[in-house]
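Structure first, then comments.
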Amino acid sequence: MTATVQPALDGSVPEPAKTRTQQRIEDYETWVEIVRPTFVEIARTGQPFLFWKVARDHELPDPPDRDHDWGRFAASLHKDGVTRVDGFGHTRDKSAVRRWRGTVAAMQGRAA
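Each residue of the sequence shown is one higher than the one before, starting from 1 at the first, in UniProt numbering.
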């Protein structure tokens, strides 16, 4: 079902509103500023997680380069001592991906 949008008085039609999952941020650094706090909070719980599930469940926007930026972001959290590898999980198509967990420093609030 598609919603109809009434044109403005000048005849232009406004762009339909997008949900956060449909949005794509054009700048990597801006995208990181938006999504990083969510992953830091997840890491603080100490529970294992998959990046794609967190992004889906929290309706996070897509990065500029979807094929590479998620890996780049995961590596930066690992390098900053926020996350560590905790085995493997599955994508929606049953491919193997790394499962992550917060480090002790992240759980104690020393890494962010």
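Just so it is clear, CB atoms sit at the ideal spot from N, CA and C, and this is done for glycine as well.
Determine the DSSP secondary structure at Asp62, reduced to helix, strand or coil. strand
Same chain only: Cβ atoms within 8 angstroms of Arg84, ignoring 5 sequence neighbours per side: His78, Trp100, Arg101, Gly102, Thr103
For the structure I just gave you, are there three or more beta carbon pairs, one from the region 103–112 and one from the region 56–76, closer than 8 angstroms? no
Determine the contact status of His58 and Thr30, defining contact as a CB-CB distance below 8 angstroms. no
Given Met107 as reference, the closest of Asp62, Arg44, Phe88, Thr91 once Cα atoms are compared: Arg44
Which same chain residues end up closer than 6 angstroms to Val35 when comparing Cβ atoms and leaving out the 5 residues on each side of it in sequence? Leu60
Between which two residues does the alpha helix (DSSP H) holding Ala105 run? 104–107
Endpoints, beta strand (DSSP E) assigned at Asp86: 83–90
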